[in-house]
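Chains as they are written, first to last, in the numbering used here: chain A, 1 to 570; chain B, 1001 to 1333. Each residue gets a CB set at the ideal place from its N, CA and C atoms; glycine is no exception. Here's the structure we're looking at; comments come further down.
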């Protein structure tokens, strides 16, 4: 009888083993690929990573089935909300729509410098109120319709006018990024786009009510790309699941929380591009599991690497490590109405050890911050230096300000992890420790995410932690929302108000000459530095990894990069 | 029996109605405005107000509940706040994904669990018994996410035997019909893909099935021990039946009633609570769907997800109750 049990057990085990070992299907060839990859590096240590031809055999080109370029699998932590880029602010959405759609202008591949997009040239009049874009000719959308000035106009009107036939207001579409970047919607006071005139089929003119210094930056954002009007007509509100653009890849299918499949657009306007036949955006929520999938050769690129894993990836010959340029800031803000003594704020700036935070939490992949503006931005003031970590000086300054017996303060800590603040609880504890060294007793206050945002907007806090991520690469998007007096009670949660700073920011926003703008922002930063309404902590540099077969992949600071030039070397 | 089944099915209505009311209340007690959560820290107040209005959140709660209920009765589970997609469409493939995983997890849990329990009881205090019960204890106490990561590390990364994530090959997907990929691949007569799908099931099913397996093994053992001591088993033995007949034909059947209860409960738990396994193996199932819904305060998704899980749970309990009568004819409804 015993024999029977063991027999059944044996069958069971055999079944598992057969499944594990049985050849001929896709995953198996992937694991073979991984195996041969490891052998490769063992045998030919001196070879550079592009010499991986022998890895190729059964992998993706064969699986994709179409042609030479192969299929790239891009693993990420979360799914896209919507593939109608303008009606969402979700980075996972624009990461995908960046491949499907194009904007009038584009960013350079690793910075926020402007380059041509769907418009090959552009002019601006002297006072910066009329922008004329000369559009590429002979460009078609994925549905075969022509790209022209009318299409551009339709798109912009769709976002500006809630009554527009394609605004889909009744279906819950809100174009919040448009409102933020262009000062509101049609009919609002601050709305800067007055008129859009179609000059000719391939020439379009934007007339602004007042100059907007970062108008061109906005035009390069993936949030303001151009959708086929014919597709808007055809799909209506379902456009969010049926994207049709002019980009290098066209939409194939989407299974929610799993994968989005894009395929090469054969009539793409740039000859020879894209190189890949297919791109798959695969959701793998867990960071560790995503790294395992990369290691086992099942995916080619993974975003959202834990900084602690970066060293391991860097030393692995089968993997490639990348960092994105810093495009955010994590900060500790004061409620300047409650902590109204600038000396106290400066003292606390001296009391916090930014480098320790950068090392402990970001494994060194973070730059200690001086002002909210990330380095590399227009107008970044590199003459300023971060408040030095000096507990003794801080204690002295506090004593001078009348707090020789110490003080008590509430420190609000955010409940969610963000790229600029991967572990808020630990940061709060480090800061609490730092402060106790100078006699400041910090009480950590916790709150749910939405009420946290609401209550810090309302000013219930004394000190709070938060951050900001850039989208259009312009310093105004950091300094304006965070520190302009007109945003107090909304995005300006420090309640900082300085008329001189406001004036400088207003001037810089309206100026057209970029050098002039840079100077104004530098000046504003110097004033802000002096008032120290917040403790800018770090600008984090997110890390990500790819298999070494991936070439020409350049991560963009905005987190949305075009994959049109990426190659799989196999 | 039929009357009993009908009565139980009718009782579903108040149960589910109560469920909707409870979920609706709880969900609205979670602090935070979904519009604020969806738009995040860079949102302007006017954008938040706009979105809130668009999502119908400015209506009074009772009105929102009424609208929701009316939709549910028409078979419409509402619209996700986050994706704006129809939940009825979104939830189907996820239920299939979870069902498939649960089925295979329970298959392995029941098979191994019951047999291990039987052997342990039969050879009580033998080395097998100690070993099996030791592993059962480990199995119950082991954190699933740790087991899952270790499986991935060993079988996917180091050995390369099995895939680390997903339900099927990313690059070579099956044309879905029922969304049960095992069934779909058979319907398509694509046996390569069937093997792929089964290979994808191995690791998550083992991870998910480990705790139920351990519970089932312990339950079977104790229940078997009791039955083995009873008079009728002694009589069967005295008749001269072989061990196998004694155990599987006579003893097991009576010992199975409490085990069946546990299996039913565990299946229900797995259907709703496979969040960790589904997250680590990127399994697009119902647990993750509700979890993402909670993260984004996506009220309709949370409500509908829980409603569906509750419905399944009640149905499984009903099936278990009906099975009692099948296994033990003395039980009558």
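Among the residues of its own chain, which have a CB less than 8 Å from the CB of residue 480 of chain A, if the five just before and after it don't count?
487, 505, 509
If you pair each beta-carbon of the stretch 412–419 of chain A with each one of the stretch 341–357 of chain A, do three or more pairs fall below 8 Å?
no
Could you check if residue 222 of chain A is buried or exposed, using at least 16 other CB atoms within 10 Å of its CB as the buried criterion?
buried
Of all the CB atoms in chain A, is at least one closer than 8 Å to the CB of residue 1153 of chain B?
Yes, its Cβ sits closer than 8 Å to a Cβ of chain A.
Note down the Cα distance separating residue 1290 of chain B from residue 263 of chain A, rounded to an integer number of angstroms.
31 Å
Who are the neighbours of residue 1156 of chain B on chain A, taking C-beta pairs under 7 Å?
292, 296
Below 7 Å on C-beta distance, what does residue 1280 of chain B contact in chain A?
286, 289
How about residue 549 of chain A: is its C-beta nearer than 8 Å to some C-beta of chain B?
Answer no: the Cβ-Cβ gap between residue 549 of chain A and chain B never drops below 8 Å.
Spatial neighbours of residue 1106 of chain B within its chain, please: CB distance less than 8 Å, with the 5 preceding and 5 following residues excluded, ordered by chain position.
1209, 1212, 1263, 1266, 1267, 1270
Run through DSSP, which three-state label would residue 1170 of chain B get?
coil
Helix, strand or coil for residue 536 of chain A? Go by DSSP, reduced to three states.
strand
How is residue 1009 of chain B classed by DSSP in three states: helix, strand or coil?
Of the three classes helix, strand and coil, the one that applies to residue 1009 of chain B here is helix, per DSSP.
Spatial neighbours of residue 303 of chain A within its chain, please: CB distance less than 6 Å, with the 5 preceding and 5 following residues excluded, ordered by chain position.
76, 544
Give a yes or no on contact between the stretch 363–380 of chain A and the stretch 455–462 of chain A, applying the rule of three or more CB pairs nearer than 8 Å.
no
Quick one: what's got a C-beta closer than 7 Å to residue 225 of chain A's C-beta in the same chain, skipping five residues either side?
Once the five neighbours on either side are set aside, the close Cβ partners of residue 225 of chain A are 85, 97, 101, 102, 103, 245.
Measure from the C-beta of residue 1220 of chain B to each C-beta in chain A and report whether the shortest distance is under 8 Å.
In terms of beta-carbon proximity, residue 1220 of chain B stays away from the interface with chain A, with every pair separated by 8 Å or more.
If you pair each beta-carbon of the stretch 1192–1208 of chain B with each one of the stretch 1169–1177 of chain B, do three or more pairs fall below 8 Å?
The stretch 1169–1177 of chain B and the stretch 1192–1208 of chain B touch, with three or more beta-carbon pairs separated by less than 8 Å.
List the residues that DSSP assigns as beta-bridge partners of residue 124 of chain A.
A:131
Kindly indicate the opening and closing residues of the alpha helix (DSSP H) around residue 1001 of chain B.
DSSP places residue 1001 of chain B outside any alpha helix (DSSP H), giving it a letter other than H or E.
Whole angstroms is fine: what's the gap from residue 211 of chain A's alpha carbon to residue 1063 of chain B's?
46 Å
List the residues of chain B that residue 280 of chain A touches, going by C-beta distances under 8 Å, in chain order.
Against chain B, a Cβ distance below 8 Å from residue 280 of chain A picks out 1170, 1171.
Please return the same chain residues whose Cβ sits closer than 7 Å to the Cβ of residue 1293 of chain B, not counting the five positions on each side in sequence.
1301, 1302, 1305
Return the residues of the stretch 463–474 of chain A that lie within a Cβ-Cβ distance of less than 9 Å from chain B, sorted by chain order.
466, 467, 468, 469, 471
Run through the stretch 439–505 of chain A for me and flag every whole alpha helix (DSSP H) of 4 or more residues, listed as ranges in chain order.
449–458, 476–483
Check whether chain B comes within 8 Å of residue 71 of chain A, counting only Cβ atoms and requiring the distance to be less than that.
yes
Nearest chain A C-beta to residue 1086 of chain B closer than 8 Å, yes or no?
no
So residue 468 of chain A and residue 1042 of chain B are supposed to be a Cβ contact under 8 Å. How far apart are they, rounded?
7 Å
Give me the Cβ distance between residue 1132 of chain B and residue 1205 of chain B, rounded to the nearest whole Å; I'm assuming they're in contact under 8 Å.
The beta-carbon distance between residue 1132 of chain B and residue 1205 of chain B, rounded to whole angstroms, is 20 Å. This is too long to meet the 8 Å contact definition.
Listing by chain order, which chain B residues have their CB less than 7 Å from the CB of residue 283 of chain A?
Ordered by position in chain B, the residues that pass the 7 Å Cβ test against residue 283 of chain A are 1282.
Taking residue 271 of chain A and residue 557 of chain A to be in contact with their CB atoms under 8 Å, please state how far apart those CB atoms are, rounded to whole angstroms.
At roughly 28 Å, the Cβ-Cβ gap does not stay under 8 Å, so residue 271 of chain A and residue 557 of chain A are not in contact.
Within the same chain, show all residues whose beta-carbon is closer than 7 Å to that of residue 336 of chain A, passing over the 5 residues directly before and after it, in chain order.
Only 494, 495, 496, 533 meet the Cβ criterion.
Three-state secondary structure (DSSP) at residue 1043 of chain B?
coil
Quick check on the DSSP output: the beta strand (DSSP E) that includes residue 1071 of chain B runs from which residue to which?
From DSSP, residue 1071 of chain B is part of no beta strand (DSSP E) but of the alpha helix (DSSP H) over 1061–1073.
Counting pairs of Cβ atoms below 8 Å between the stretch 1045–1064 of chain B and the stretch 104–124 of chain A, do you hit three or more?
no
Under three-state DSSP, which class holds residue 573 of chain A?
Nothing about residue 573 of chain A can be read from this structure; chain A reaches only from 1 to 570.
Starting from the Cα of residue 81 of chain A, find the closest Cα among A:171, A:540, A:256 and give me that residue.
A:256
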